[in-house]
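Worksheet: one structure, shown below.
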Amino acid sequence: LTAVKRIFRYLKDTIHMGLWYPKDTGYELSAFLDSDHAGCLDSRKSTSGGIQFLGGDKLVSWSSTKQDCTSMSSAEAEYVSLSACCTQVLWMRTQLTDYGFHFDKITMYCDSKAAIAISCNPIQHSCTKHIDVRYHFIKEKVKKGIVELFFVGTEYQLADLFTIALPVERFQYLVRRLGMRCLTLAELEALVNEST
4 LTAVKRIFRY LKDTIHMGLW YPKDTGYELS AFLDSDHAGC LDSRKSTSGG IQFLGGDKLV
64 SWSSTKQDCT SMSSAEAEYV SLSACCTQVL WMRTQLTDYG FHFDKITMYC DSKAAIAISC
124 NPIQHSCTKH IDVRYHFIKE KVKKGIVELF FVGTEYQLAD LFTIALPVER FQYLVRRLGM
184 RCLTLAELEA LVNEST
């Protein structure tokens with residue numbers, strides 16, 4: 004009951020919050036992804052978080068999902084998260100291509116150098132042989148140049164918002180970075196004036 008009250012208080016306090024989409028900022032597709040490791044105390048499964056942007060700053064998709072497998076390491080949990088986010092951005096690319104948009108490479112940002120190394124290495128090593136085959140398709144997408152992986156430090160990892168509980172200041176910072184704004188009449192007028 005306490006958790007439900009907390010949710011309703013949050014909704015009441017954020018009723019004017021919404022996404023702000025500035026115009027004419029481009030249409031490149033990018034994604035941030037993250038994972039905790041064994042965050043669920045009951046099943047010890049990890050949580051994947053992913054966010055996708057158009058034009059670098061227009062949030063168009065986000066998710067927070069419990070992984071369907073138990074990861075043996077944080078690198079594996081991040082690798083599974085990379086795979087899940089990759090499927091989402093490839094679906095988005097297909098949809099946007101139908102509308103006439105074209106993408107050379109889709110940029111994906113991850114805060115795990117180990118997961119990026121696994122994704123960029125076409126050779127299957129003994130330390131990754133236990134990972135389900137369906138998660139390895141990201142290696143093919145990296146090799147073909149469809150997606151490009153970049154390391155981003157944890158302090159710049161926008162997908163943290165979807166995987167772990169955060170201090171209030173960090174939470175508010177990330178919410179603002181995702182494009183959430185207070186959409187009161189006065190703020191809307193200021194945003195419109197700022198973008199013209």
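Position one of the sequence shown corresponds to residue 4 (our numbering), numbered consecutively onward.
Where a beta carbon is used, it is the ideal one built from N, C-alpha and C, also for glycine.
Of the other Cβ atoms in all chains shown, 16 or more fall within 10 Å of the Cβ of T166; this residue is therefore buried. Under the DSSP assignment, E81 falls in the alpha helix (DSSP H) whose first and last residues are S77 to D101. Here M111 is buried. Its C-beta has 16 or more other C-beta atoms within 10 Å. Residue G58 holds the alpha-carbon nearest to the alpha-carbon of I109 among I134, G58 and S198. Judged by DSSP secondary structure, Q175 falls outside any beta strand (DSSP E) and instead within the alpha helix (DSSP H) spanning V171 to R180.
Counting along the chain, T5 sits inside no beta strand (DSSP E); it lies in the alpha helix (DSSP H) bounded by residues T5 to D16. Sorting I54, V63, T97 and D101 by C-alpha distance to the C-alpha of L85 places I54 at the top. Put simply, of T90, L181 and A162 the residue whose alpha carbon is nearest the alpha carbon of R137 is T90. According to DSSP, residue pairing for Y112 in a beta bridge involves F35 and F153.
Going by C-alpha positions, V83 is about 42 Å away from L188.
Two segments are said to touch when three or more pairs of C-beta atoms, one from each, lie closer than 8 Å; by this definition the segment 29 to 41 touches the segment 63 to 79.
Per DSSP, S198 is not a residue of any beta strand (DSSP E); the alpha helix (DSSP H) it occupies stretches across L188 to S198. Selection I10, A118, S74 and S64 evaluated against V92 yields S64 as nearest (Cα-Cα). With a beta-carbon spacing of about 25 Å, F56 and S77 fall beyond the 8 Å limit used to define contacts. Note on geometry: alpha-carbon atoms of G148 and K15 lie some 45 Å from one another.
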